[in-house]
Amino acid sequence: MSDITATPPTIRASTPRSAPLTAIGPIAWARANLFSGWLSTAVTLLMGYLIVRATMGFVDWAFINAIWSVPVAPNGQAQTQACRDLGGSGACWAVVTEKHRFMLFGTYPYEEHWRPALVCVLFVTLYVVSALKRFWNWTLVPIWIGTLTAIGVLMWGGILGLSYVPQERWGGLPITLILATFGLAFAFPLSILVALGRRSNLPAIKVLCVLYVELIRGVPLISLLFMASVMFPLFLPEGMNIDKLLRAQIAIILFAGAYLAEVVRAGLQSLPKGQYEAADAMGLSYWQKTGFIILPQALRMVIPPLVNTFIGFFKDTSLVLIIGIFDLLTAGKTAIVEPAWQGFGVEVYVFVGMIYLVFCFAMSKYSQGLEADLNRHRAR
Numbered sequence: 002m003s004d005i006t007a008t009p010p011t012i013r014a015s016t017p018r019s020a021p022l023t024a025i026g027p028i029a030w031a032r033a034n035l036f037s038g039w040l041s042t043a044v045t046l047l048m049g050y051l052i053v054r055a056t057m058g059f060v061d062w063a064f065i066n067a068i069w070s071v072p073v074a075p076n077g078q079a080q081t082q083a084c085r086d087l088g089g090s091g092a093c094w095a096v097v098t099e100k101h102r103f104m105l106f107g108t109y110p111y112e113e114h115w116r117p118a119l120v121c122v123l124f125v126t127l128y129v130v131s132a133l134k135r136f137w138n139w140t141l142v143p144i145w146i147g148t149l150t151a152i153g154v155l156m157w158g159g160i161l162g163l164s165y166v167p168q169e170r171w172g173g174l175p176i177t178l179i180l181a182t183f184g185l186a187f188a189f190p191l192s193i194l195v196a197l198g199r200r201s202n203l204p205a206i207k208v209l210c211v212l213y214v215e216l217i218r219g220v221p222l223i224s225l226l227f228m229a230s231v232m233f234p235l236f237l238p239e240g241m242n243i244d245k246l247l248r249a250q251i252a253i254i255l256f257a258g259a260y261l262a263e264v265v266r267a268g269l270q271s272l273p274k275g276q277y278e279a280a281d282a283m284g285l286s287y288w289q290k291t292g293f294i295i296l297p298q299a300l301r302m303v304i305p306p307l308v309n310t311f312i313g314f315f316k317d318t319s320l321v322l323i324i325g326i327f328d329l330l331t332a333g334k335t336a337i338v339e340p341a342w343q344g345f346g347v348e349v350y351v352f353v354g355m356i357y358l359v360f361c362f363a364m365s366k367y368s369q370g371l372e373a374d375l376n377r378h379r380a381r
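Okay, here's the thing in structure tokens:
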């Protein structure tokens, strides 16, 4: 009997088949989330119709029927009758065209507007540089000191051939950026110290930190601004006076520091006890353990609430209007006090709101990227 060798049939490599479009991708997501049933489909179609109608109405109001400029009479009075004839069917962006300098720079001398404009550019540049990882070292300290010094020279003047401009003439966007930048820059390290103090084993330090946080968080920011503006000067020696902007800045720093301290303390409490024990086992001192082991992990875990607090305080700077400081929102409100422009507040608020949106949205997107980058090792 002869051996018969069986030759296996040739196996062809099969081409991988992609999943059907109805199983993955946007079509599958839409079927699962928007058209999963008759009720979901009806709600989706209704919401889609309302969104389309609202979008078309906004485009008509903001662009198609809008008026971008109006003639000016020989006496300098703007002729706004064309805007009033629209009857609300179109936006009168002429108020922004005419008053944008006042809204951005307040009562700062008109011929010197290049100085606060340059200050805004310096602030944005400082934010961008601070967000780059290559500058996360000691070189960032002289950058901040030099930039803030240049900002002070530009705003005040009095040297280098610049005319002196008192703080009472400042207003608009530079004031908002000054209050927000200095407030958060000083409140953040203060919050770390207070959060560590609340967890301290020394009773005196712990009690002081608890009293500070509970007292500040128990009152609204408006009351602190009133105290800083009205009550604080009464406790100063006779003849001594502190600038109104500086008093408001101190109140914002104290208020922001108390809220940020609770966020940082939440991050400290979320760390497992083993992290503290491991650092102690390595023989690290308290400050080495805190600076190299505890704080980096705690802050990384609370990036979202930290940035949420930053955004809230950036918008809360508008409350300084109650003590007579012309921030961006206050300048926008004052711009429509003139009789010729009364009734066009919506356009002004949209313009101011877009500026706030740009800064807050940038902070939000940056925090999302930073959180994903710092927590990338957790996904491995």
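Quick note: my numbering has the sequence shown finishing at residue 381, numbered continuously throughout.
We put the beta carbon where it would ideally sit given N, CA and C, even for glycine.
Practice item. Return yes when the Cβ of V71 is within less than 7 Å of the Cβ of A63, no when it is not. Key: As a position in the sequence shown, residue 63 is number 62, starting the count at 1. As a position in the sequence shown, residue 71 is number 70, starting the count at 1. Cβ distance not < 7 Å, so A63 and V71 don't count as in contact.
Please classify W171: is it buried, with 16 or more other beta-carbons within 10 angstroms of its beta-carbon, or exposed?
-> Here residue 171 is taken as the residue at index 170 of the sequence shown, counted from 1. Buried, because 16 or more other Cβ atoms sit within 10 Å of the Cβ of W171.
* Could you name the residues of the same chain whose beta carbon sits closer than 8 Å to that of V211, not counting the 5 residues immediately before and after it, in chain order? => What you label residue 211 is simply residue 210 of the sequence shown in a count that begins at 1. Closer than 8 Å at Cβ, skipping near neighbours: R199.
Exercise for review: Spell out the partners DSSP gives C93 in its beta bridges.
Suggested key: Here residue 93 refers to the residue found at position 92 of the sequence shown. Answer by DSSP bridge pairing, in chain order: I68.
Fill in: Inter-stretch contact (C-beta, 8 Å, three-pair minimum) for the segment 165–185 and the segment 231–242
no
_W171, enclosing alpha helix (DSSP H) - first and last residue_ = Working through the sequence shown from its first residue, we reach residue 171 at position 170. Run containing W171: none; DSSP gives neither H nor E here.
Can you tell me whether T81 is buried or exposed, with buried defined as 16 or more other CB within 10 angstroms of its CB?
Here the question's residue 81 lines up with position 80 in the sequence shown. T81 should be labelled buried.
### Task
Report the three-state DSSP secondary structure of V73 (helix, strand or coil).
Walking along the sequence shown from the start, residue 73 turns up at place 72. Three-state DSSP puts V73 in a strand.
field: Residue(s) in a DSSP beta bridge with D281
entry: Numbered from 1 along the sequence shown, position 280 holds the residue referred to as residue 281. For D281, which the question treats as bridged, DSSP gives no partner whatsoever.
For this session: Below 8 Å CB to CB, which residues in the same chain sit around R102 once its five sequence neighbours on both sides are set aside?
Result: The residue labelled residue 102 in the question sits at position 101 within the sequence shown. Contacts found: Y111, H114.
### Top-ranked residue by Cα proximity to L141, from S131, A299, A181
For the purposes of this step, residue 141 is identified with residue 140 of the sequence shown, where counting begins at 1. When each option's Cα is compared against that of L141, the closest is S131.
**Asked** By Cβ distance below 6 Å, which residues in the same chain neighbour F106 in space, the five residues on each side in sequence not counted?
**Response** Position 105 of the sequence shown, counted from the start, is the residue given in the question as residue 106. H114, P117, G173.
According to DSSP, residues forming a beta bridge with D328 = On the sequence shown, position 327 is the one that residue 328 refers to. Paired residues: G173.
* Residues in its own chain within less than 8 Å of A299 by CB, not counting five upstream and five downstream? -> Residue numbering aside, residue 299 sits at position 298 when the sequence shown is read from its first letter. Counting only Cβ-Cβ distances below 8 Å, and skipping sequence neighbours, we find V265, G268, L269, S271, L272.
Inset, instruction - Ignore the nearest five residues each way along the sequence and tell me which others in A252's own chain have a CB closer than 6 Å to its CB. - result: Taking the sequence shown and counting its residues from 1, the one referred to as residue 252 is at position 251. Once the five neighbours on either side are set aside, the close Cβ partners of A252 are L225, L226, A229.
Below 8 Å on the Cβ atoms is my contact criterion, and I expect A282 with I294 to pass it. Report the Cβ-Cβ distance as a whole number of Å.
The residue labelled residue 282 in the question sits at position 281 within the sequence shown. The residue labelled residue 294 in the question sits at position 293 within the sequence shown. Incorrect: roughly 11 Å between the Cβ atoms, too far for contact.
- Item | Inter-residue spacing [alpha-carbon to alpha-carbon] between L47 and S41 | Counted from its first residue, the sequence shown places residue 47 at position 46. Counted from its first residue, the sequence shown places residue 41 at position 40. L47 and S41: Cα-Cα distance of roughly 10 Å.
For S368, report the span of its alpha helix (DSSP H) as first-last.
Stepping through the sequence shown from its first residue, residue 368 is reached at position 367. Its alpha helix (DSSP H) spans residues 346–375.
ask   = How is the alpha helix (DSSP H) around A151 delimited, first residue to last?
value = Numbered from its first residue, the sequence shown carries residue 151 at position 150. Where A151 is concerned, the enclosing alpha helix (DSSP H) stretches over 141–157.
*asked:* My parser needs the alpha helix (DSSP H) runs of 4 or more residues fully inside the segment 179–262; what are they?
replied: 204–218, 222–227
Bridge-paired residues (DSSP) for A79: As a working note, residue 79 is residue 78 in the sequence shown. According to DSSP, A79 bridges with V73.
Exercise for the section: Could you round the C-beta distance between Y260 and R218 to whole angstroms and report it? I think they count as a contact, below 8 Å. Expected result: By 1-based counting over the sequence shown, the position of residue 260 is 259. By 1-based counting over the sequence shown, the position of residue 218 is 217. Confirmed, about 7 Å.
Task: Nearest to I324 (by Cα), restricted to the options T310, A249, L358 - done: The residue given as residue 324 occupies position 323 in the sequence shown. Cα-wise, what sits closest to I324 is A249.
Secondary structure at H101, three-state DSSP: helix, strand or coil?
Against the sequence shown, residue 101 aligns to sequence position 100. Three-state result, H101: helix.
Checklist entry - Assuming I254 contacts G184 under a Cβ cut-off of 8 Å, what Cβ separation, rounded to an integer in Å, is found between them? => result Numbered from 1 along the sequence shown, position 253 holds the residue referred to as residue 254. Numbered from 1 along the sequence shown, position 183 holds the residue referred to as residue 184. About 5 Å; that satisfies the 8 Å criterion.
Original post:
For the ligand MG, any of its heavy atoms closer than 6 Å to the Cβ of G172?
Top reply: In terms of ligand content, the structure shown is empty, and the ligand MG therefore cannot be addressed.
Pairwise C-alpha distance: P306 and L155: Sequence index remark: in the sequence shown, residue 155 carries index 154 (1-based). Sequence index remark: in the sequence shown, residue 306 carries index 305 (1-based). One C-alpha to the other measures close to 34 Å.
- When the Cα atoms are used, what is the spatial distance from D61 to G354? In the sequence shown, counting from the first residue as 1, residue 61 sits at position 60. In the sequence shown, counting from the first residue as 1, residue 354 sits at position 353. Each residue's Cα considered, the two are about 20 Å apart.
> How would you label K100, buried or exposed, when you count the other beta carbons within 10 angstroms and need 16 or more for buried?
Replying inline: In the sequence shown, the residue the question calls residue 100 occupies position 99. Classification for K100: buried.
- Query: From which residue to which residue does the alpha helix (DSSP H) around D317 run?
  - Reply: The residue you call residue 317 lines up with position 316 of the sequence shown. Looking at the DSSP string, the run of the alpha helix (DSSP H) that includes D317 is 304–317.
Problem set entry | Whether V349 touches A363 by CB criterion (7 Å) | Walking along the sequence shown from the start, residue 349 turns up at place 348. Walking along the sequence shown from the start, residue 363 turns up at place 362. Cβ atoms of V349 and A363: not closer than 7 Å.
Fill in: Own chain residues within Cβ distance below 6 Å of T108, not counting five before or after
Locating residue 108 in the sequence shown gives position 107, where the first residue counts as 1. Contacts found: R170, G172.
Work out the CA separation of V208 and P1 for me, nearest whole Å. Given that the chain is displayed from residue 2 to residue 381, the structure contains no residue 1 and the question cannot be resolved.
key: Cut-off 8 Å between Cβ atoms - residues of its own chain near I223, not counting five sequence neighbours on either side   = Position 222 of the sequence shown, counted from the start, is the residue given in the question as residue 223. Closer than 8 Å at the Cβ level, and outside the excluded window around I223, lie L320, I323.
Inset, instruction - Would you grab the beta carbon distance between V303 and S368 for me? Rounded to a whole angstrom, and I think it's under 8 Å. - result: One-based indexing of the sequence shown puts residue 303 at position 302. One-based indexing of the sequence shown puts residue 368 at position 367. Between S368 and V303 the Cβ distance is about 11 Å, and since that is not below 8 Å, they are no contact.
Measuring CA to CA, which of A181, F136, G89 is closest to A313?
Translated into positions along the sequence shown, residue 313 becomes position 312. A quick correction: the sequence has Gly, not Ala, at residue 313. Of A181, F136, G89, the residue nearest in Cα terms is A181.
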